[in-house]
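A short worksheet on the structure shown next.
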Amino acid sequence: MNMVLINGSPKGEKSCSNYLLEIFKSEFEKENNVYEVAILDKRIKDEDKFHIISNCDNIVIALPLYVDCLPATVIKFLEGFEKYTKDNKIKCDSRLYCIVNCGFYEGIQNRQALKVVKNFTQHIDKLKYCGGIGVGTGPFIYGSANIPWEAKIKASVKEKVDNLIQAISNGESMNKDLFAEANMNKTLYIQAGNFGWISSGFKNKVYLKGFNNKPYKK
Numbered sequence: 552m553n554m555v556l557i558n559g560s561p562k563g564e565k566s567c568s569n570y571l572l573e574i575f576k577s578e579f580e581k582e583n584n585v586y587e588v589a590i591l592d593k594r595i596k597d598e599d600k601f602h603i604i605s606n607c608d609n610i611v612i613a614l615p616l617y618v619d620c621l622p623a624t625v626i627k628f629l630e631g632f633e634k635y636t637k638d639n640k641i642k643c644d645s646r647l648y649c650i651v652n653c654g655f656y657e658g659i660q661n662r663q664a665l666k667v668v669k670n671f672t673q674h675i676d677k678l679k680y681c682g683g684i685g686v687g688t689g690p691f692i693y694g695s696a697n698i699p700w701e702a703k704i705k706a707s708v709k710e711k712v713d714n715l716i717q718a719i720s721n722g723e724s725m726n727k728d729l730f731a732e733a734n735m736n737k738t739l740y741i742q743a744g745n746f747g748w749i750s751s752g753f754k755n756k757v758y759l760k761g762f763n764n765k766p767y768k769k
């Protein structure tokens with residue numbers, strides 16, 4: 552089986568998207584041909600990336616949620632892939648699976664982005680959308696690499712990932728998109744996120760009184 556893992560995060564390797572894709576890489580690379588594509592990796596031409604994607608049985612794309620949608624770079628890349636298949640009269644007889652993660656607590660916040668990806672597949676000849684997962688608490692998931700996936704706090708996310716892996720292994724489509732988030736207190740998660748913004752502000756010399764500045768307000 553040929554599989555391509557597409558990292559759609561603008562943060563590249565240092566992202567929750569890449570962290571989640573590593574699970575699929577470790578699961579499938581021993582007995583399958585697994586290729587890796589980073590949308591923002593300019594060392595490889597998009598046409599070469601498109602060639603790899605169109606020749607794989609399974610496509611797994613992971614990306615972050617940007618304003619209830621896909622990052623602009625991902626949208627541009629997918630539009631380019633659509634044009635590539637049409638210009639070259641390619642029938643992309645592949646199964647596409649998607650993983651969207653976000654900073655919101657609830658994984659279901661990613662549902663609209665998954666629908667956008669599903670709609671995209673309808674524009675590519677023979678490309679089939681086979682389901683996806685929406686992951687909430689993304690910053691925590693990425694920052695918890697030292698916590699095993701079997702730990703209770705991450706087990707609900709790993710369960711949904713395993714369901715997606717099973718569908719890929721069987722060459723099947725999932726009946727519906729799945730959603731999950733870390734098993735942690737929502738209030739504490741939000742408080743930790745707010746503290747993270749303050750800490751980031753300090754690192755960039757933006758202090759508390761400057762957090763509410765509105766420089767473009769008339």
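Going letter by letter, the sequence shown gives residues 552 to 769 in my numbering. Every residue gets a Cβ at the ideal spot worked out from N, C-alpha and C, and that includes glycine.
Original post:
Can you tell me whether DSSP reads LYS711 as helix, strand or coil?
Top reply: In the structure shown, LYS711 sits in a helix (DSSP, three-state: H, G or I).
Original post:
For GLU732, which option in ILE650, LYS705 and ALA589 has the closest C-alpha, if you only look at C-alpha atoms?
Top reply: For GLU732, the nearest C-alpha among the options comes from LYS705.
Subject >> Bounding residues of the alpha helix (DSSP H) (the contiguous stretch that carries PRO690) >> reply: Membership of PRO690 in the alpha helix (DSSP H) is indicated by the continuous run 689-694.
Original post:
How many angstroms separate the CA atom of LEU715 from the CA atom of CYS649?
Top reply: Straight through space, the alpha carbons of CYS649 and LEU715 are spaced by roughly 9 Å.
Subject >> Among GLY654, ASN583 and LYS727, the one whose alpha carbon lies nearest that of GLN742 >> reply: With distances taken between Cα atoms, GLN742 lies closest to GLY654.
Original post:
Is the distance from the Cβ of CYS681 to the Cβ of SER724 below 8 Å?
Top reply: Going by C-beta atoms, CYS681 is nearer than 8 Å to SER724.
Original post:
Of all the options THR738, LYS634 and ASN584, which has the alpha carbon lying nearest to the alpha carbon of HIS674?
Top reply: Nearest option by C-alpha distance: LYS634.
Original post:
Under a three-way DSSP split, which group does ILE659 fall into?
Top reply: DSSP places ILE659 within a helical segment (H, G or I) once states are collapsed to three.
Original post:
Leaving out the 5 sequence neighbours to the left and right, which residues in its chain are closer than 8 Å to ASN734 when beta-carbon positions are compared?
Top reply: Same-chain partners within the cutoff: LYS703, ILE704, LYS705, ALA706 and SER707.
Original post:
Residues in its own chain within less than 6 Å of ASN553 by CB, not counting five upstream and five downstream?
Top reply: Excluding residues within five positions, the ones whose Cβ falls inside 6 Å are ASN584, CYS607 and ASP608.
Original post:
Which residues does DSSP pair with LYS679 in a beta bridge?
Top reply: In the DSSP assignment, LYS679 is bridged to ARG646.
Original post:
Excluding the five sequence neighbours on either side, which residues of its own chain have a C-beta within less than 8 Å of the C-beta of GLY563, listed in chain order?
Top reply: Beyond the five residues adjoining it in sequence on each side, GLY563 comes within less than 8 Å, by CB distance, of ASN569, ALA589, LEU591 and ASP592 in the same chain, given in chain order.
**OP:** Could you spell out where the alpha helix (DSSP H) holding LEU572 opens and where it closes?
**Re:** 567-579 is the span of the alpha helix (DSSP H), which, as asked, contains LEU572.
Original post:
Which of the three DSSP states, helix, strand or coil, is assigned to ASN583?
Top reply: ASN583 falls in the coil class under three-state DSSP.
Original post:
For ALA613, which three-state DSSP category applies?
Top reply: In this structure, DSSP gives ALA613 an extended state, which the three-state scheme calls strand.
**OP:** Answer yes if the stretch 686-698 comes into contact with the stretch 663-670, meaning at least three C-beta pairs across the two stretches below 8 Å, and no otherwise.
**Re:** No contact exists between the stretch 663-670 and the stretch 686-698.
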